[in-house]
Amino acid sequence: MKPDVTAPGMNILVAWPPTMSPTWLKSDKRSVEFNIISGASMSCPHVSGLAALLKSVHRDWSPSAIKSALMTTAYMLNDKFTPIRDVVAGSSSSSDLSIPFAFGSGHVNPERASDLGLIYDIGIEDYLNYLCSLNYTSSQMAVVARRSFTCPPTNQFLQPGDMNYPSFALLSDNGAIMLTYKRTVTNVGAPRARSRAARVGFILYNKTPPANLTSPGVLLPALPRSCITSSVGRTSLA
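Start counting at 1 in the sequence shown, then tack on 36, and there's your number in my numbering.
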């Protein structure tokens, strides 16, 4: 599910080329060195900078580890401790509540991301095995891998839900289904740490909740409920 996270992107003060008007209109003859703009193009530089910051603190972290740190420490409440809302002028109704399809795992939190206990890491081989499930040819795989790579048997292909990703999503038109997602966590915190699974939140969108549920959602058990990692860098199945 995308996006992974959201970041500051509204009314951002940016450098601006003096050869271009602040409104991009030909009739606007003003020349400025700064402008205030909004959009995903403003959020992206914030996240890119945070990734560089985390890499400077944790030089041994992979890109997947950095992404995991940003996603698993993001928050879904605003500064008033209420759910994040979409920008709707003059609206304060529940209809303007934002959803994960807009903010992903939540709003990035640099301080928490730089000092956490567990990450979900993904290796190069995992990505290559996933590409095999997309029917990439041997020549295409060689371009991506920058070496010869032989795909495993079809029954060993990685599907999207099998990736050791910090989040997951499922689609169900109707009726009851049961899916199992396995994840492997890596300790990047204290040498000997106990971690407990917690269900932060879940939402069922655009569907009527089943009669046996008091609110929209799904049953989401986590096993094991806790795990102990004996040293930094050790992994544990979650």
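Yeah, the Cβ is synthetic: ideal placement off N, Cα and C, and Gly gets one too. What you are looking at is a predicted structure, and each value in this text was computed from that prediction instead of being measured.
Determine the direct distance from the alpha carbon of residue j to that of residue i, and round the result to whole angstroms.
{"i": "residue 45", "j": "residue 186", "result": "42 Å"}
{"i": "residue 137", "j": "residue 39", "result": "7 Å"}
{"i": "residue 188", "j": "residue 61", "result": "55 Å"}
{"i": "residue 214", "j": "residue 118", "result": "31 Å"}
{"i": "residue 157", "j": "residue 56", "result": "43 Å"}
{"i": "residue 206", "j": "residue 58", "result": "43 Å"}
{"i": "residue 105", "j": "residue 176", "result": "31 Å"}
{"i": "residue 168", "j": "residue 37", "result": "20 Å"}
{"i": "residue 232", "j": "residue 221", "result": "12 Å"}
{"i": "residue 101", "j": "residue 66", "result": "45 Å"}
{"i": "residue 99", "j": "residue 202", "result": "13 Å"}
{"i": "residue 192", "j": "residue 164", "result": "12 Å"}
{"i": "residue 79", "j": "residue 63", "result": "29 Å"}
{"i": "residue 77", "j": "residue 171", "result": "32 Å"}
{"i": "residue 116", "j": "residue 107", "result": "21 Å"}
{"i": "residue 230", "j": "residue 132", "result": "39 Å"}
Specify, as a first and last residue, the run of the beta strand (DSSP E) that residue i falls within.
{"i": "residue 50", "result": "48–51"}
{"i": "residue 137", "result": "Element bounds for residue 137: not the beta strand (DSSP E) but the alpha helix (DSSP H), 136–139."}
{"i": "residue 120", "result": "Note, residue 120: premise wrong, no beta strand (DSSP E); not H, not E."}
{"i": "residue 221", "result": "220–223"}
{"i": "residue 71", "result": "70–73"}
Which first and last residues belong to the alpha helix (DSSP H) in which residue i is found?
{"i": "residue 165", "result": "160–168"}
{"i": "residue 102", "result": "99–108"}
{"i": "residue 86", "result": "76–93"}
{"i": "residue 43", "result": "Where residue 43 is concerned, there is no enclosing alpha helix (DSSP H), given that its DSSP letter is neither H nor E."}
{"i": "residue 148", "result": "146–150"}
Excluding the five sequence neighbours on either side, which residues of its own chain have a C-beta within less than 7 Å of the C-beta of residue i, listed in chain order?
{"i": "residue 109", "result": "145, 148, 149 and 152"}
{"i": "residue 47", "result": "72 and 74"}
{"i": "residue 199", "result": "158, 162 and 166"}
{"i": "residue 173", "result": "none"}
{"i": "residue 96", "result": "none"}
{"i": "residue 111", "result": "142, 143 and 145"}
{"i": "residue 90", "result": "97, 102, 105, 149 and 150"}
For residue i, collect the residues of the same chain with a Cβ closer than 8 Å to its Cβ; drop the 5 residues on either side in sequence, then sort them by chain order.
{"i": "residue 75", "result": "45"}
{"i": "residue 93", "result": "150"}
{"i": "residue 134", "result": "119, 120, 121 and 122"}
{"i": "residue 82", "result": "43, 44, 45 and 144"}
Strictly by DSSP, which residues pair up with residue i?
{"i": "residue 113", "result": "119"}
{"i": "residue 155", "result": "222"}
{"i": "residue 133", "result": "121"}
Near residue i, what residues of its chain come up, given a Cβ to Cβ distance below 6 Å and the 5 sequence neighbours on each side ignored?
{"i": "residue 217", "result": "197 and 204"}
{"i": "residue 241", "result": "Note on residue 241: pLDDT 47, under 50, position unreliable in the model; no value is reported."}
{"i": "residue 224", "result": "155"}
{"i": "residue 140", "result": "39, 40 and 41"}
Tell me, please, whether the CB atom of residue i is closer than 7 Å to any CB atom in chain C?
{"i": "residue 150", "result": "Within the model displayed, chain C is absent; a lone protein chain is all it includes."}
task: Please confirm if the region 137–154 is in contact with the region 166–184, defined as three or more CB-CB distances below 8 Å between the two stretches.
output: no
message: For the structure I just gave you, are there three or more beta carbon pairs, one from the region 86–97 and one from the region 110–126, closer than 8 Å?
response: no
query: If you pair each beta-carbon of the region 132–148 with each one of the region 41–59, do three or more pairs fall below 8 Å?
result: yes
- prompt: Counting pairs of Cβ atoms below 8 Å between the region 68–76 and the region 45–56, do you hit three or more?
  reply: yes
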